[in-house]
Structure formats: C-alpha cells, structure tokens
Ligand code: NDP
Ligand code: 8X3
C-alpha cells in the first residue's frame with residue numbers, strides 16, 4: 028500500500044513510481060499518490076550544492092535552485108525542467124531574497140527542506156595581512172545571507188515540519204593559520220544550527236550541521252582568486268571528499284524517519300588529519 032505521508036521517503040516513492048513500472052490502475056493508489064516534496068538548495072551552481080541538487084532531483088524531489096551564475100542553474104534545471112525552479116540571486120542581497128521568495132510559483136511555495144550551502148572562503152593570509160573586504164564578504168555570505176534566507180523560510184518550514192541542513196565545515200572546530208574569519212563564520216553556522224534546534228523544539232522541524240573537511244570543488248579556486256595551479260597543488264596526491272559524498276549525506280538525512288534528528292556530521296578524507304599545536308620559542 029502506498030501511504031501519502033510527510034516523511035521524506037515519500038519523494039523516493041514518487042520517483043520510483045513515476046520513472047519505472049506500469050501505469051497505476053488502482054484508483055485508491057492514484058488518489059493517495061503524494062506530491063514530491065520541495066527542497067531549496069543554495070549554492071547550486073557548483074560543488075556540493077550542485078551535487079546535492081542533482082541527488083535530490085534523482086530521488087524525486089522538486090527543487091528550488093539558487094546561486095548567482097544563471098547559466099549554471101539553467102544547465103542543471105534542463106535535466107529536470109518540470110521539477111526545477113531557478114531562483115537566481117546574490118545571497119548578500121536581502122531585497123533579492125525577498126523578491127525571489129515572492130516570485131515562487133505556487134507548486135514550489137511549500138518548502139520541506141532548506142539546504143544552506145552557499146558560501147566561500149577568501150584568502151589564506153594571517154589576520155594582520157588579511158583583506159578586510161574579504162572578511163566582510165565571507166561574513167555577509169556565510170552568515171548574514173544564511174540567516175536572512177533561513178529567517179524568511181522558517182514559517183514555511185514550520186508549517187511543513189521540515190528539515191534544515193546547514194553546510195558548515197571542520198574549520199568551525201579546528202583552527203588553522205589563515206582560517207581566521209572563514210573558520211569563525213563556520214563556527215557560527217554550527218552553533219546557529221544547534222540554536223535553531225533549541226528554538227524549534229516542539230515544531231517538528233529538524234536541523235543538521237554538516238561539517239566536511241577537504242573536498243575538491245571550486246572552493247580553493249575561489250579562495251585563491253582563480254588560481255587553478257594553487258587549487259591543483261592543494262589536492263595533489265590526496266583523495267579528497269567528493270561533492271557526491273556530501274550529497275549522499277544530505278539525501279540520507281532527508282530520508283530518515285521524522286522522529287530522528289542528526290545534529291551534526293563531521294567528515295574528513297582519510298588523507299587529512301590533525302597536526303597539533305604550534306609553539307613559538309623566544310630567542
Ligand atoms: P564552490 O565554490 O564549488 O561552491 C560555492 C557555491 O556558493 C556556488 O554555487 C556559488 O554560486 C555559491 N555562492 C557563493 N557566494 C554566493 C553569493 N554571494 N550568493 C549566492 N551564492 C553564492 O564550493 P563548495 O561546493 O566547496 O562550497 C559549498 C559550501 O561548502 C560552502 O559553504 C563551503 O564553505 C562549504 N565547505 C566546503 C569545503 C571544501 O573543502 N570544498 C569543506 C567544508 C565546507 P555562484 O558563484 O554562482 O553565486
Ligand atoms: C573547507 C575545509 O579545511 O579548507 O571548509 O577549511 S577547510
């Protein structure tokens with residue numbers, strides 16, 4: 028029997044039925060066929076966000092995909108045009124967020140899953156040499172953009188007893204030279220996730236912080252201002268996390284029964300570990 032529940036698995040059921048097998052002839056089953064659930068994925072033009080969007084689309088979700096690079100979103104949406112809505116905006120622009128939400132088509136308006144993934148690191152200079160404009164851009168994107176969109180979507184997520192997945196980082200917990208504001212912004216994301224859980228107690232909304240280590244995406248290209256050689260050098264001889272690995276984590280979390288909340292997942296590639304404290308010696 029097919030049950031039209033609100034659990035995320037209903038999306039997988041939807042996909043299975045729509046994509047394979049003969050047409051259903053049982054009128055009861057047709058009447059009870061659930062609509063696909065809707066996810067809002069930020070930073071869907073690249074890396075984790077694109078992989079997460081593709082994974083959820085393959086599982087039958089309806090997707091709102093967001094980022095600044097329109098042509099990347101168009102290419103992603105072309106694979107599943109009927110289940111994709113493009114919301115192209117800079118997450119630092121709160122008026123653009125409001126306009127995008129006001130412009131959601133009716134069948135994309137009920138949001139079950141928010142994946143706060145858009146983010147970036149800029150620079151690796153130690154604090155005294157760091158560029159203040161880069162620090163501000165990281166805060167505006169990784170913190171202010173994330174909380175603005177989250178705040179705007181909370182009523183819908185509460186209405187749907189939805190799920191929020193925030194993409195934080197191991198940099199939230201482990202400092203490294205040059206990590207300064209990037210790490211600080213991710214510490215915010217991790218702690219904000221726990222705070223949200225606390226505030227949303229009793230609503231049925233679930234919140235997870237995903238905290239990956241070294242992953243090969245466009246992250247280092249962006250961090251180094253487009254230096255492909257520097258990006259290649261960082262990942263050389265390493266088997267880093269792949270974007271698909273993180274997409275699988277999101278799909279798993281979104282498939283869990285409604286009574287379970289994964290608070291946080293910290294993942295590193297085997298090639299990455301810890302190097303301890305540094306000691307400065309006088310003289
Ligand atoms: P990518 O650079 O590949 O992707 C970053 C995404 O964020 C892009 O889609 C980009 O879209 C979007 N984005 C950046 N700035 C803005 C903005 N102002 N407005 C809207 N969208 C924006 O990197 P990753 O996939 O690696 O990064 C995704 C998340 O994962 C980030 O939050 C990052 O901090 C985190 N992370 C990455 C790790 C890694 O090692 N790669 C490890 C741990 C966490 P566009 O440029 O089109 O706007
Ligand atoms: C990205 C991982 O270790 O480069 O968040 O900061 S790290």
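In this note's numbering, the protein residues as written are 28 to 310. Note that the Cβ used here is the ideal one computed from N, Cα and C, for glycine as well.
With a 10 Å radius around its C-beta and 16 neighbouring C-beta atoms as the bar for buried, classify residue i as buried or exposed.
i	result
residue 226	exposed
residue 144	buried
residue 52	Any reading at residue 52 must be qualified, since the residue scores a pLDDT of 46, below 50, and its modelled position is unreliable; no value is offered.
residue 81	buried
residue 277	buried
residue 308	exposed
residue 221	exposed
residue 306	exposed
residue 219	buried
residue 104	buried
residue 71	buried
residue 83	buried
residue 223	buried
Grab the span of the beta strand (DSSP E) containing residue i for me, first residue to last.
i	result
residue 215	Careful: residue 215 lies outside any beta strand (DSSP E), inside the alpha helix (DSSP H) at 207–226.
residue 268	Note, residue 268: premise wrong, no beta strand (DSSP E); not H, not E.
residue 93	89–94
residue 145	Looking at the DSSP string, residue 145 is not in any beta strand (DSSP E), and its letter there is neither H nor E.
residue 230	That residue, residue 230, is in no beta strand (DSSP E); it is neither H nor E in DSSP.
residue 69	65–69
residue 286	Where residue 286 is concerned, there is no enclosing beta strand (DSSP E), given that its DSSP letter is neither H nor E.
residue 293	291–294
residue 114	111–115
Using only CA atoms, which one of the options lies nearest to residue i?
i	options	result
residue 62	220, 133 and 204	133
residue 294	274, 310, 306 and 147	274
residue 208	297, 153, 174 and 243	153
residue 287	147, 107, 232 and 205	232
residue 201	194, 222, 240 and 163	240
residue 161	78, 177, 219 and 251	251
residue 121	167, 257 and 196	167
residue 197	291, 258 and 69	291
Note down, in chain order, each residue of its chain lying with its Cβ closer than 7 Å to the Cβ of residue i, except the 5 sequence neighbours on either side.
i	result
residue 199	210, 213, 214, 216, 217 and 238
residue 138	65, 67, 180, 183, 184, 187 and 189
residue 172	118, 119 and 145
residue 244	73, 74, 75 and 270
residue 135	65, 89, 91 and 112
residue 157	150 and 207
residue 299	240 and 241
residue 164	149
residue 303	none
residue 268	239, 240, 241, 242, 294 and 296
Below 6 Å CB to CB, which residues in the same chain sit around residue i once its five sequence neighbours on both sides are set aside?
i	result
residue 24	Residue 24 cannot be examined here, being either before or after the span of the chain that is shown, 28 to 310.
residue 50	Because residue 50 sits at a pLDDT of 39, beneath the cut-off of 50, its placement in the model cannot be relied upon, and the point is left open.
residue 312	In the structure as shown, the chain starts at 28 and stops at 310, and residue 312 therefore has no counterpart that could be examined.
residue 97	115
residue 48	With a pLDDT of 35 at residue 48, under the threshold of 50, the predicted position of this residue should be treated as unreliable, and no value is reported.
residue 249	147
residue 261	247
residue 195	213, 216, 217, 236 and 238
residue 170	212 and 215
residue 99	72
residue 10	Summary: the structure shown does not reach residue 10, with the chain confined to residues 28 through 310, and so no result is reported for it.
Hey, quick one: how far does the alpha helix (DSSP H) through residue i stretch, first residue to last?
i	result
residue 197	Unbroken run through residue 197: none, as it is neither H nor E.
residue 136	No alpha helix (DSSP H) holds residue 136; DSSP gives it neither H nor E.
residue 98	97–104
residue 178	173–186
residue 78	74–85
residue 247	246–250
residue 165	159–165
residue 121	121–129
Please go through the same chain and pick out, in chain order, the residues whose beta-carbon is closer than 8 Å to the beta-carbon of residue i, but skip the five residues on each side of it.
i	result
residue 116	93, 95, 123, 124, 126 and 127
residue 297	266
residue 230	185 and 188
residue 101	113
residue 174	219
residue 203	210
residue 301	201
Is there a Cβ from chain C that is less than 7 Å from the Cβ of residue i?
i	result
residue 223	Here chain C cannot be found, since the structure has a single protein chain.
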